[in-house]
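These protein sequences, in sequence, are chains A and B.
First residue of the first sequence: 1, per our numbering; consecutive thereafter.
First residue of the second sequence: 1001, per our numbering; consecutive thereafter.
Glycine included, every Cβ here is placed at the ideal spot set by N, Cα and C.
Structure first, commentary second.
Protein chains: 2
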Amino acid sequence: MNRTAVARARTDESTVREKLHAAAAQLFARKGYAAASVQEIVARAGVTKPVLYYHYGNKEGIYRAVLAAALDDFEARVGAVEMLAGSARTRLHRLFGEVFDLFHRHLDVVRLMHSIYYGPPQGAPAFDFDRAVFRLHDTVLKIVRQGQKAGEFQGDAQAMTLALLGACNECIDLELVHPKMAVDAAGFGRVLDVVLRGMRKKVRQ
Amino acid sequence: MNRTAVARARTDESTVREKLHAAAAQLFARKGYAAASVQEIVARAGVTKPVLYYHYGNKEGIYRAVLAAALDDFEARVGAVEMLAGSARTRLHRLFGEVFDLFHRHLDVVRLMHSIYYGPPQGAPAFDFDRAVFRLHDTVLKIVRQGQKAGEFQGDAQAMTLALLGACNECIDLELVHPKMAVDAAGFGRVLDVVLRGMRKKVRQ
DNA sequence: GTCTATACATGGATAGAC
DNA sequence: GTCTATCCATGTATAGAC
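Below, the structure written as structure tokens:
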């Protein structure tokens, strides 16, 4: 039984790094980069300032660590759904269902990323979100094109991709701003279906 | 010729209030509320701090003035398009065309509002964006329902409204983040058409 | 690795002269 | 109405002891 295992076994104690990471994630998400102070982060983690600077170098360091961890998680999810079988329509439903669900369970982090990505740089260090965003975009576009080749869809692939992503973003945004009025997974499915209906190829009846 | 007219006639001089307003609008939009300092605002306006506090009370005062002016402008536009004639499809195209165009010409302000509305409260005073957002949402929903009654559309009115708004937001967001890849008005029209196609009622052929 | 104490900068806001 | 000078709180970051 080494030292790490001993530390892990204690009461509810995780390592200091983990506590700092968790505290920073919550505060950055709830207050934004500028408004979340180092003082508050260390207070919530139950340590003092030098501990944070020892482990993460500076405020920017722990900020990057938090964002990177969240994005890695997101990419792993998308990657997992990417290689499923089935019709293009089914796979798009699965993909967006997964994304909707993931965002739904991490609204705070989504809110933070959203404001950093789309909003003015609020004194926050630049961070590369594009990799993850492009990943999702390209995955959707790929499935749409496969659907075209298979004769499922017709129309402008880029326009269809944007319409699909827009439907997803709109439902997430609604949840961010008016949780009471937000749609659930079924409601999101109906919004998605409006778009999918506009994509499908007409068949002689 | 009164005193105001004389002041207006001078070189490029507008009133001090107007210069402060313009400087604040730019800086809030480019840096966010917290990161835009009073010092920078007054420097850009070519005056000193007490002037700002004399005219607007405090930082929050000029911030509210900037946002209120922008929202009033937006609501006036939506109101103007609201009472047009034509098919539901045509009116939706006109409405979103107007909104897309307006946002396009004020990207900085849109960016600011976006981050305040969807993002974490970055130390910024609370501000009521809901009035304007609901206004657009309700206008779209109303036209959609009229389209249903007229036999133009079929389906879930709420889902269709969200799909339309999502298409619009997606194109604006794209412009905010990747101007190079952004779609123009025609491209936006195509995205809108994907959704509208999914809304329309099938006719026997 | 973690603490106390502190240096140092910035930012919001005001007093008081003009 | 506008200026100069200044107050004071907060925030990032570090020195140095343990």
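- Contact annotation for V195(A) against chain B: A1163, V1194, V1195, G1198 [CB-CB distance below 7 angstroms, chain order].
- Residue environment analysis places D138(A) among the exposed positions, since fewer than 16 neighbouring C-beta atoms fall within 10 angstroms of its C-beta.
- Within chain A, no C-beta atom comes nearer than 8 angstroms to that of D1128(B); the closest sits roughly 12 angstroms away.
- Annotation: V16(A) to K59(A) spans about 16 angstroms, alpha carbon to alpha carbon.
- Look at the beta carbons and you see the segment 1172-1180 of chain B touching the segment 111-120 of chain A: at least three pairs across the two are nearer than 8 angstroms.
- Residues of chain B whose Cβ lies closer than 8 angstroms to the Cβ of A34(A) are, in chain order, G1032, A1034, A1035, Q1122, G1123.
- With its beta carbon less than 8 angstroms from one in chain A, S1115(B) belongs to the interface.
- For E170(A), at least one C-beta of chain B is nearer than 8 angstroms to its own C-beta.
- Per DSSP, reduced to three states, the secondary structure at F188(A) is helical.
- Remark: fewer than three beta-carbon pairs, one from each stretch, lie closer than 8 angstroms, so the segment 34-53 of chain A and the segment 1126-1145 of chain B are not flagged as touching.
- The beta carbon of A1080(B) sits no closer than 8 angstroms to any beta carbon of chain A.
- Secondary structure at F1127(B): coil, using DSSP grouped into helix, strand and coil.
- Buried is the label assigned to D173(A), since at least 16 other Cβ atoms lie within 10 Å of its Cβ.
- Of all alpha-carbon atoms in L1162(B), V1099(B), D1072(B), the one lying nearest the alpha-carbon of D1128(B) is that of D1072(B).
- Listed along chain B are D1156, A1159, each with a C-beta nearer than 7 angstroms to that of R190(A).
- Between V1191(B) and A68(A), the CB-CB gap reaches or exceeds 8 angstroms.
- Contact with chain A is found for L1112(B), since one of that chain's Cβ atoms lies less than 8 angstroms from the residue's Cβ.
- Taking a 10 Å sphere around the C-beta of Y54(A), we find fewer than 16 other C-beta atoms and assign the residue as exposed.
- At a cut-off of 8 angstroms between C-beta atoms, Y1118(B) counts as an interface residue with respect to chain A.
- A43(A) and F100(A) have their C-alpha atoms some 33 angstroms from each other.
- Close partners of A1029(B) in chain A (Cβ separation under 9 angstroms): P120.
- Against chain A, the CB of G1166(B) has a partner CB under 8 angstroms away; the residue lies at that interface.
- Residue environment: E1170(B) is assigned as buried (16 or more neighbouring CB atoms within 10 Å of its CB, all protein chains considered).
- Per DSSP, the beta-bridge partners of F1153(B) are R1200(B).
- Close CB contacts of M181(A) within its chain, under the 7 angstroms cut and outside five residues either way in sequence, are with L174 (chain order).
- For L84(A), no alpha helix (DSSP H) run applies, since DSSP gives it neither H nor E.
- Among the CB atoms of chain B, one or more fall inside 8 angstroms of the CB of V177(A).
- Bounds of the alpha helix (DSSP H) holding P1050(B) are 1049-1056.
- Against chain A, the beta carbon of D1138(B) has no neighbour under 9 angstroms; the closest one sits roughly 12 angstroms away.
- In the structure shown, A1182(B) falls within a coil segment according to DSSP collapsed to helix, strand and coil.
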